[in-house]
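With positions in the sequence shown counted from 1, the corresponding number in my numbering is that position plus 370.
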Amino acid sequence: AKQSGRNTFQLYTLELNQALKKRIEIEYSLRHAIENEEFLLYFQPKINLATGKLCGAEALIRWQPKDGPLISPLSFIPVAEETGQIEALGRWVLGNACRAANQFSQLLGKPFSVAVNVSPRQFRHCDLVSTVEQVIKDTNVNPGCLELEITESCLVHDTPAFIKTLHDLKSLGLTLAIDDFGTGYSSMAYLKDFPVDRLKIDKAFVGNLENEPANVAILKAIIALGHSFGLKVVAEGVETAYQQAYLHGMGCDELQGYYFSKPLPLADFLLILKK
Ligand code: C2E
Ligand code: CA
Ligand code: CA
Ligand code: CA
């Protein structure tokens, strides 16, 4: 038992070292990637359930190294968040999302909203309000075409300063969404103090709604909660016609998921907009 204990320990240390090495590698190559702008935004359509029409898009970052496959945000956003690189990356995302919103709106001849993910660190460490204000000025975007998605983990800081930041952001004319709603551990009492426009239900509750009666109960409760606060409710991760029909029946407002479309490169998104 002692022997195997030691082996387990060695294995654990080895894995830790490998994880650390990987993290340092990502941090190092991210620095160059930011300098060389090796990033792309993909856009995933959002569908209004009442009209069945496209009603906006979420911008999702991808890392495209010079030679190599596309890298998922799940493997570099957490590192960028830890190292602070998210601040530069976040500014890049904001600027490009606003330019895309301009392009989409121009093509459609009416305002088209693009949602951007904002990390907790962007809230805490940089002056998010003046950054966003500057980006709006620089890109001349209609601020009503910009939505910021903040996760519940941001919201545990329900301090007066944090609530003021949300109000300051809103006063720029943009909209706010709470992302991954239902997965955090924070109290939902904050909803009454927070000037948000949308709740995005985490895909964990949507993905297996066919086989999970508990998820149906959670979805119903979240939709009712959102509506009672006057918020639009969006379900993400919709993959089947059954899920669409079920969410429609439950009164969900907007849907997003592979059933409609995967996130698309800009050129492909422009093609579906023209249709
Ligand atoms: P998220 O904000 O919850 O974004 C939704 C994720 O679900 C996206 O993954 C999207 O591609 C994926 N998805 C959409 N529809 C479906 C579906 O029907 N089924 C399944 N299984 N998945 C679906 P993605 O693009 O890999 O992004 C992962 C996460 O990375 C995002 O989760 C977000 O937290 C973060 N992220 C992405 N772009 C940015 C960014 O520009 N800034 C920051 N701070 N975070 C970002
Ligand atoms: Ca999101
Ligand atoms: Ca989400
Ligand atoms: Ca997420």
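Cβ coordinates follow ideal geometry from the N, Cα and C atoms, glycine included.
The structure displayed is predicted, hence computed values, not measured ones.
Rounded to whole angstroms, what's the CA-CA distance from C468 to L459? Just pull it up for me.
-> Your numbering for residue 468 matches position 98 in the sequence shown. Your numbering for residue 459 matches position 89 in the sequence shown. Approximately 14 Å, taken between the alpha carbons.
Helix, strand or coil for F532 per DSSP?
-> Within the sequence shown, the letter at position 162 stands for residue 532. F532: helix per DSSP, three-state reduction.
Within 10 angstroms of the Cβ of N466, are there 16 or more other Cβ atoms? Answer buried if so, exposed if not.
-> Your numbering for residue 466 matches position 96 in the sequence shown. Buried, because 16 or more other Cβ atoms sit within 10 Å of the Cβ of N466.
In chain order, what residues of the same chain have a beta carbon less than 6 Å from the beta carbon of E519, not counting five sequence neighbours either side?
-> Against the sequence shown, residue 519 aligns to sequence position 149. Closer than 6 Å at the Cβ level, and outside the excluded window around E519, lie A485, N487, A547 and D549.
Compare the C-alpha of N512 against each of L440, T545 and A587 and name the closest.
-> Here residue 512 corresponds to residue number 142 of the sequence shown, with the count starting at 1. For the residues L440, T545 and A587, the minimum Cα distance to N512 belongs to T545.
Residues bridged to R469 by DSSP?
-> Walking along the sequence shown from the start, residue 469 turns up at place 99. According to DSSP, which records beta bridges pairwise, R469 is partnered with nothing at all.
According to the neighbour-count rule (16 or more other Cβ atoms, all chains shown, within 10 Å of its Cβ), is T521 buried or exposed?
-> As a first step, residue 521 must be located in the sequence shown, where it is residue number 151. With 16 or more other Cβ atoms within 10 Å, it is buried.
Using a threshold of 7 Å, state whether the C-beta atoms of I593 and G621 are closer than that.
-> Taking the sequence shown and counting its residues from 1, one reaches residue 593 at position 223. Taking the sequence shown and counting its residues from 1, one reaches residue 621 at position 251. Closer than 7 Å, so yes.
On a CA-only basis, which of V576, M558 and E503 is nearest K540? Give me that one, please.
-> Indexing the sequence shown from 1 puts residue 540 at position 170. Looking at the Cα atoms, E503 is the closest of the given residues.
If we count the other Cβ atoms within 10 Å of its Cβ and call it buried at 16 or more, is L569 buried or exposed?
-> Counting from one through the sequence shown, the residue named residue 569 turns up at place 199. Burial call: buried.
Looking only at C-alpha atoms, which of G438, W433 and D437 sits nearest to I447?
-> For the purposes of this step, residue 447 is taken as the residue at position 77 of the sequence shown. The shortest Cα separation from I447 among G438, W433 and D437 belongs to W433.
Among residues of its own chain, excluding the 5 on either side of F493, which ones have a beta-carbon nearer than 6 Å to its beta-carbon?
-> Taking the first residue of the sequence shown as 1, we reach residue 493 at position 123. Closer than 6 Å at the Cβ level, and outside the excluded window around F493, lie C524.
A615 versus W462, K602 and F630, residue with shortest Cα-Cα distance | Working through the sequence shown from its first residue, we reach residue 615 at position 245. Nearest of W462, K602 and F630 to A615, Cα basis: F630.
Grab me the residues of L478's own chain with a C-beta within less than 8 Å of its C-beta, minus the 5 sequence neighbours each way, in chain order.
-> Taking the sequence shown and counting its residues from 1, the one referred to as residue 478 is at position 108. Excluding sequence neighbours, L478 sits near L643.
What are the start and end residues of the alpha helix (DSSP H) that includes V511?
-> Translated into positions along the sequence shown, residue 511 becomes position 141. Taken as a continuous stretch (DSSP letters only), V511 belongs to no alpha helix (DSSP H), as it is neither H nor E.
Quick one: what's F432 bridged to in DSSP?
-> To locate residue 432, count along the sequence shown from 1; it is residue 62. Per the sequence shown, residue 432 should be read as Arg rather than Phe. DSSP, once it has assigned bridges, lists L410 as partnering R432.
Between the Cα of T501 and the Cα atoms of W462, A531, E397 and K602, which residue gives the shortest distance?
-> Here the question's residue 501 lines up with position 131 in the sequence shown. Nearest C-alpha to T501: W462.
Going by C-alpha distance, which of G454, G514, L410 and L498 is nearest K480?
-> Taking the sequence shown and counting its residues from 1, the one referred to as residue 480 is at position 110. Nearest option by C-alpha distance: G514.
Applying the criterion that 16 or more other CB atoms from any shown protein chain within 10 Å of the CB defines a buried residue, is T421 buried or exposed?
-> Taking the sequence shown and counting its residues from 1, the one referred to as residue 421 is at position 51. So T421 counts as exposed.
Buried or exposed (CB count within 10 angstroms, at least 16 for buried), Y612 | Looking up residue 612 in the sequence shown gives position 242. Y612 comes out exposed.
So which of F599, S445 and Q476 has the shortest CA-CA distance to M558?
-> Translated into the one-based positions of the sequence shown, residue 558 becomes position 188. Taking only the C-alpha atoms, the option nearest M558 is F599.
Using 10 angstroms around the beta-carbon of I417, count the other beta-carbons present and answer buried if the total reaches 16, otherwise exposed.
-> For this step, residue 417 is matched to residue 47 along the sequence shown. I417 comes out buried.
Sort N585, H537 and G577 by Cα distance to D563 and report the nearest one.
-> By one-based count along the sequence shown, residue 563 stands at place 193. The residue with the shortest Cα to Cα distance from D563 is H537.
Quick one: is the Cβ of E519 within less than 6 Å of any heavy atom of ligand 2?
-> What you label residue 519 is simply residue 149 of the sequence shown in a count that begins at 1. Yes, ligand 2 has a heavy atom inside 6 Å of this Cβ.
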